[in-house]
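Chains as they are written, first to last, in the working numbering: chain A, 1 to 313; chain B, 314 to 459. Below you'll find the structure, written out as structure tokens, and then a few comments.
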């Protein structure tokens with residue numbers, strides 16, 4: 001096993017047993033044998049712990065089976081003598097299960113710290129069993145094995161937390177992508193007029209999506225006017241202004257005139273103080289004003305159906 | 314007044330996501346101290362510019378917000394520190410239209426115009442700290458029932 005050497009190199013506890021890999025003398029192998037021998041009892045005890053009891057609710061057997069799978073994985077890791085390595089091959093099989101357990105606990109409203117504490121609670125039952133099992137051994141030997149087991153259980157905790165965190169990370173990434181997609185609808189207001197209501201933070205990634213969807217819409221809808229409504233953008237700083245101007249310039253290249261609408265009084269004053277020159281961009285206070293301007297430019301005017309402003313009867 | 318809570322903060326600036334936190338915190342802190350909508354917007358915009366400077370030019374940094382008082386007036390002080398390359402020519406960096414990062418070059422100078430007090434300390438090679446303060450103006454109460 002090529003990986004045995006490097007793993008042992010940094011491991012004080014196993015130093016004196018390095019050459020005896022095949023004799024079973026290494027504490028890690030003692031721990032492996034113990035785990036395999038006591039797999040059933042450990043799983044039974046774990047099944048009573050909150051982490052297993054609350055996740056595997058169908059039957060106790062299910063929890064015990066899940067516990068056995070974890071014990072087997074630990075035994076495999078101990079066999080490879082990589083007890084400190086969260087990337088050890090032995091963990092591969094239970095990663096998904098650990099992730100599911102962690103996710104289930106998080107959904108139940110537990111904080112990360114609480115989940116970590118529940119994972120830590122898996123250690124004492126195993127340790128008690130080990131101590132009972134190795135009663136006859138020399139105290140020195142027991143201490144060595146106990147240390148290996150502690151390290152192994154610590155690594156298990158690390159693997160479980162890592163898996164949970166990567167799940168959260170994946171979720172966050174998905175949601176971010178979702179947000180990019182959801183928040184940029186292009187609405188056709190009239191023949192030749194499209195509008196994009198911008199909402200939230202307009203960072204570089206979002207504005208890129210806005211520009212792409214808008215330009216696509218200009219082509220698809222044969223739009224001559226595009227309205228960018230920034231009513232829902234809380235802050236217009238120089239970067240947001242730059243993104244807006246780039247979008248306007250790109251639309252202009254495609255033959256569409258852009259109107260930026262929804263500039264609130266506070267935003268207008270801020271833009272002036274900031275010193276931004278939006279002179280090249282047509283702006284209107286509200287979306288309605290912008291639509292009115294575009295319709296007028298297209299030669300279509302909105303008139304009241306009843307003359308003289310009389311109310312409807 | 315327990316204005317310290319919800320105003321005092323130390324926020325990291327390491328990514329675009331952190332800029333969102335910075336803006337939200339400044340908006341909430343300014344609202345709590347009684348800034349009007351326009352002043353709130355100005356402060357948030359200035360904070361956004363300065364935090365982005367710390368991120369883009371300084372390689373990330375930290376914003377500290379604190380509640381200050383002078384002559385019975387509440388103020389919000391924001392301090393943006395980074396340990397980036399620093400600013401070699403401060404006058405040029407403050408002038409409008411000068412940019413080293415592909416932006417519009419309005420950030421630093423613009424931020425200065427958006428706040429009441431503005432101070433930059435920069436040591437080339439060891440970082441930049443920008444400290445800005447705005448005060449809650451207390452105009453005479455408008456007459457009611459005109």
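Quick reminder that beta carbons are idealized off the backbone N, C-alpha and C, glycines included.
Residue of the options minimising C-alpha distance to residue i
i, options, result
"residue 252 of chain A", "A/269, A/223, A/241", "A/223"
"residue 387 of chain B", "B/370, B/419, B/394, B/342", "B/342"
"residue 26 of chain A", "A/44, A/78, A/59, A/55", "A/78"
"residue 295 of chain A", "A/102, A/54, A/191", "A/191"
"residue 355 of chain B", "A/303, A/272, A/281", "A/272"
"residue 40 of chain A", "A/51, A/66, A/138, A/170", "A/66"
"residue 32 of chain A", "A/42, A/119, A/262, A/74", "A/74"
"residue 440 of chain B", "B/401, B/383, B/385, B/411", "B/401"
"residue 448 of chain B", "B/359, B/382, B/358", "B/382"
"residue 233 of chain A", "A/103, A/200, A/101, A/168", "A/200"
"residue 299 of chain A", "A/291, A/111, A/96", "A/291"
"residue 280 of chain A", "A/70, A/245, A/101, A/267", "A/245"
Contact with chain A by residue i, beta-carbon distance below 8 Å
i, result
"residue 441 of chain B", "no"
"residue 413 of chain B", "no"
"residue 372 of chain B", "no"
"residue 358 of chain B", "yes"
"residue 329 of chain B", "yes"
"residue 365 of chain B", "yes"
Where residue i falls, given that 16 or more other Cβ within 10 Å makes a residue buried
i, result
"residue 284 of chain A", "buried"
"residue 395 of chain B", "buried"
"residue 61 of chain A", "exposed"
"residue 330 of chain B", "exposed"
"residue 254 of chain A", "exposed"
"residue 23 of chain A", "Since pLDDT at residue 23 of chain A reaches only 41, below the 50 mark, its modelled position is unreliable, and the value read off the structure follows with that caveat. Residue 23 of chain A should be labelled exposed."
"residue 206 of chain A", "buried"
"residue 230 of chain A", "buried"
"residue 247 of chain A", "buried"
"residue 288 of chain A", "exposed"
"residue 177 of chain A", "exposed"
"residue 144 of chain A", "buried"
"residue 459 of chain B", "Note that residue 459 of chain B has pLDDT 40, beneath the 50 cutoff, so the model's placement of it is unreliable and no number is given."
"residue 468 of chain B", "Residue 468 of chain B lies beyond the stretch modelled for chain B, which goes from 314 to 459, so this question has no answer here."
"residue 425 of chain B", "buried"
"residue 240 of chain A", "buried"
"residue 276 of chain A", "buried"
Chain B contact for residue i (CB, 8 Å cutoff)
i, result
"residue 80 of chain A", "no"
"residue 111 of chain A", "no"
"residue 237 of chain A", "yes"
"residue 170 of chain A", "no"
"residue 266 of chain A", "yes"
"residue 22 of chain A", "In this predicted model, residue 22 of chain A has a pLDDT of only 40, less than 50, meaning its place in the structure is not dependable enough to derive any value."
"residue 273 of chain A", "yes"
"residue 249 of chain A", "no"
"residue 269 of chain A", "yes"
"residue 201 of chain A", "yes"
"residue 175 of chain A", "no"
"residue 285 of chain A", "no"
"residue 41 of chain A", "no"
"residue 165 of chain A", "no"
"residue 198 of chain A", "no"
"residue 241 of chain A", "yes"
Cβ neighbours of residue i in the same chain (closer than 6 Å, five flanking residues each side left out)
i, result
"residue 443 of chain B", "363, 393, 433"
"residue 367 of chain B", "326, 374, 393, 395"
"residue 242 of chain A", "none"
"residue 334 of chain B", "324"
Nonlocal neighbours in the same chain, by C-beta distance under 8 Å from residue i, ignoring five residues either side
i, result
"residue 86 of chain A", "155, 158, 159, 162"
"residue 49 of chain A", "118, 121, 122, 125"
"residue 141 of chain A", "27, 30, 134"
"residue 170 of chain A", "none"
Contacting residues, own chain, Cβ-Cβ under 7 Å from residue i (five flanking each side not counted)
i, result
"residue 325 of chain B", "331, 375"
"residue 293 of chain A", "259, 284"
"residue 28 of chain A", "14, 78, 81, 83, 148"
"residue 151 of chain A", "83, 84"
"residue 63 of chain A", "47, 52, 53, 56"
"residue 98 of chain A", "159, 160, 163"
Residue i CB to nearest heavy atom of the ligand ZN below 7 Å
i, result
"residue 286 of chain A", "Judged by which ligands are present, the structure shown has none, so any question about the ligand ZN falls away."
Length-filtered (3 minimum) beta strand (DSSP E) runs lying within the stretch 166 to 193 of chain A | 187 to 190
Unbroken stretches of the alpha helix (DSSP H), 4 residues or longer, contained in the stretch 60 to 111 of chain A = 60 to 79, 92 to 107
List in chain order: all unbroken alpha helix (DSSP H) runs of 4+ residues lying wholly within the stretch 376 to 423 of chain B.
-> 403 to 407
Output the residue ranges of the alpha helix (DSSP H) runs that lie fully inside the stretch 232 to 265 of chain A and measure 4 residues or longer, sorted by chain position.
-> 238 to 253
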